[in-house]
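Residue numbers (the numbering used here): 1 to 324. First comes the structure, then the notes that go with it.
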Ligand code: AMP
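In structure tokens form, the structure reads like this:
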């Protein structure tokens with residue numbers, strides 16, 4: 001990829017260009033080529049042997065999508081055929097949200113296939129959920145890898161913030177990995193598109209909510225915004241830097257709420273760099289008005305990420321220059 005032709009403005013002169021400086025960064029294939037809303041059943045090969053995951057809607061299977069431009073590995077969310085209309089509508093809403101999004105750090109929806117069951121066809125992120133990947137690969141994943149992955153998540157979330165979408169379920173379990181170097185945000189089941197004049201979504205009733213990931217205003221006033229996604233990003237960072245650890249240990253939801261209201265926050269995970277813990281704590285600013293937005297959070301992630309990759313490069317160059 002020619003990164004030099006599509007440079008972002010803010011690359012400092014004294015360092016090398018990194019792939020992410022490019023506005024077209026996407027080391028994965030370009031699924032836009034095959035982006036269609038309606039997929040024919042004859043275009044899909046479903047591997048019944050491999051189940052990637054499951055939920056109350058049904059299961060996610062591995063498959064292949066055949067198109068004029070080639071074959072692609074895909075993940076297929078298959079709705080259980082006996083599922084009620086409500087679940088079907090939920091899946092259609094998720095598909096509608098995903099259809100409006102196009103960003104390298106967000107799982108792309110390739111289309112819907114209506115056949116023996118309703119199927120949501122997505123690009124494949126074969127290394128699976130971030131929390132599981134990190135707890136299974138503690139010895140090989142470096143802190144720099146985690147910084148890189150969380151920087152990518154912050155860029156995907158900045159894109160969502162710009163498009164006025166709230167995710168409402170950002171957590172390490174919903175960040176999927178293509179590989180150790182490449183993360184994508186997934187699971188738009190709870191997501192909402194905000195109206196042009198709104199900056200938050202008000203839920204009428206509380207549902208089965210991931211309370212440990214939710215900001216105080218979500219729990220107290222049912223108000224969801226990009227700023228409440230920022231709080232969840234902080235929890236996701238904590239999970240990542242603790243290599244898939246469970247936030248707030250054994251505390252139950254109400255206990256966590258009291259803990260936060262009394263001004264407490266989770267401690268810095270052992271492997272986590274101080275500057276990354278500082279970002280987490282900013283994300284956990286009680287009042288959403290005072291909390292940074294994703295524009296600010298992604299700038300902090302970029303500046304730290306680039307500072308450590310530059311340092312590694314300089315150290316490498318110094319070692320190579322040393323006489324033997
Ligand atoms: P979800 O209901 O969207 O959270 O999906 C359930 C599980 O299916 C996830 O935790 C993943 O393990 C797997 N999965 C979902 N989407 C994909 C994808 N695009 N690529 C690979 N695995 C996926």
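Where is the CB? At the ideal position from N, CA and C, for every residue including glycine. Quick caveat, the model's predicted, so the values are computed rather than measured.
Counting only the same chain and skipping the five closest in sequence on each side, list residues whose C-beta sits under 7 Å from that of residue 288. 215, 217, 225, 227, 228
Hey, does residue 255 have any beta-carbon neighbour from chain C nearer than 8 Å? The structure shown contains no chain C; it holds only a single protein chain.
Please name the residue in 255, 241, 256 whose C-alpha comes closest to that of residue 274. 241
Return the residue from the list 77, 51, 308, 121 that minimises the CA-CA distance to residue 65. 121
I'd like the list of long-range same chain contacts for residue 149, defined as Cβ closer than 6 Å, with 5 residues on each side in sequence excluded. 183
Sort out for me which residues DSSP pairs residue 51 with in a bridge. 61
One or two residues paired with residue 179 in a DSSP bridge: 182
Coil, strand or helix - residue 243 by DSSP: coil
Keeping to the same chain, check which residues put their C-beta closer than 7 Å to that of residue 353; ignore five residues upstream and five downstream. No answer is possible for residue 353: it lies beyond the span of the chain, which begins at 1 and ends at 324.
Residue 34, DSSP secondary structure in three states: Caution is warranted here: a pLDDT of 43 is assigned to residue 34, below 50, making its placement in the model unreliable, and the coordinate value is therefore given only provisionally. Three-state DSSP puts residue 34 in a helix.
Please report the distance separating the alpha-carbon of residue 104 from that of residue 157. 11 Å
Short of 8 Å in beta carbon distance, which residues of its chain neighbour residue 161, apart from the five on each side in sequence? Order them along the chain. 226, 229, 293, 294, 295
Going along the chain, which residues of its own chain have a beta-carbon closer than 6 Å to the beta-carbon of residue 338, five neighbours each way excluded? Because the chain is modelled from 1 through 324, residue 338 falls outside the range shown and cannot be assessed.
Pull the bridge partners of residue 77 from the DSSP assignment, please. 60, 120
Please write down, chain order preserved, every residue whose beta carbon lies under 7 Å from a heavy atom of ligand 1. 52, 53, 54, 55, 57, 60, 75, 77, 107, 122, 123, 124, 125, 126, 128, 129, 173, 174, 176, 186, 187, 189
Measuring CB to CB, does residue 91 end up less than 8 Å from residue 79? yes
From this set, 84, 63, 126, 41, which residue's C-alpha is nearest residue 49's C-alpha? 63
In three-state terms, what does DSSP make of residue 218? helix
Relative to the C-alpha of residue 342, which residue among 297, 177, 75 is closest? No statement about residue 342 is possible, as the shown extent of the chain runs from 1 to 324 and does not include it.
Residue nearest to residue 47 in terms of C-alpha spacing, selected from 269, 56, 60: 60
Comparing C-alpha positions only, which one of 200, 76, 205, 173 sits nearest to residue 213? 173
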